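Written below as structure tokens is the structure these notes are about.
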Amino acid sequence: MNNKHQHTALFIIFITTLVLLSSDQVQVTMAACNPSSLAPCAGAFLNGTPPSPACCSELRAQKACFCQFKKDPSLGRYANSPYTRKTLAACGLPYPAYRVRYLHQFMYCG
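Those letters in the sequence shown? Residues -31 to -1, 1 to 79, by mature numbering (1 follows the signal peptide of the UniProt record, and there is no 0).
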């Protein structure tokens, strides 16, 4: 298995395990915000490959969850990577920001 495939497989296993081991309260939140549904984006997030239409579709569906993903210590590594910023831009979505200079350019995470 080459390195890219290994990272993708580990990413998917990590997200799936995270969802399965979450507490009841987190599971209720994750029902609406499901990071494992972003599996089509693994290559884009980990390697910077162009996102697929399926990836962009899932990102749009999970747009309201980006701030939650950024704040989650187990997902922050992926959510805060430069490839994630590039993927969101390629899909025409704003990158979540905590401090906003130009509010119309960013989604604000309070």
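Yeah, the Cβ is synthetic: ideal placement off N, Cα and C, and Gly gets one too.
Here the structure is a predicted model, which is why all the values come from computation and not from measurement.
Query raised in the report: Where does P63 fall in DSSP's three states?
Result: Along the sequence shown, read from residue 1 onward, the residue named residue 63 stands at position 94. Three-state result, P63: coil.
Query - Distance CB(C10)-CB(P20) smaller than 8 angstroms - result: The sequence position of residue 10 within the sequence shown is 41, counting from 1. The sequence position of residue 20 within the sequence shown is 51, counting from 1. Annotated as proximal: C10 and P20, with beta-carbon spacing under 8 angstroms.
Query - Close-in-space but distant-in-sequence residues of the same chain around A48 (CB under 6 angstroms, 5 per side omitted) - result: As a working note, residue 48 is residue 79 in the sequence shown. Within the same chain, A48 has close Cβ partners F38 and K39.
Query - Start-to-end residues for the alpha helix (DSSP H) that takes in K32 - result: In the sequence shown, the residue the question calls residue 32 occupies position 63. From DSSP, K32 is part of no alpha helix (DSSP H); its letter is neither H nor E.
Query - Spatial neighbours of K32 in its chain, beta-carbon cut-off 7 angstroms, leaving aside the 5 residues before and after - result: Taking the first residue of the sequence shown as position 1, residue 32 is located at position 63. Around K32: L62.
Query - Where the alpha helix (DSSP H) containing N16 begins and where it ends - result: Taking the sequence shown and counting its residues from 1, one reaches residue 16 at position 47. A11 to N16 is the span of the alpha helix (DSSP H), which, as asked, contains N16.
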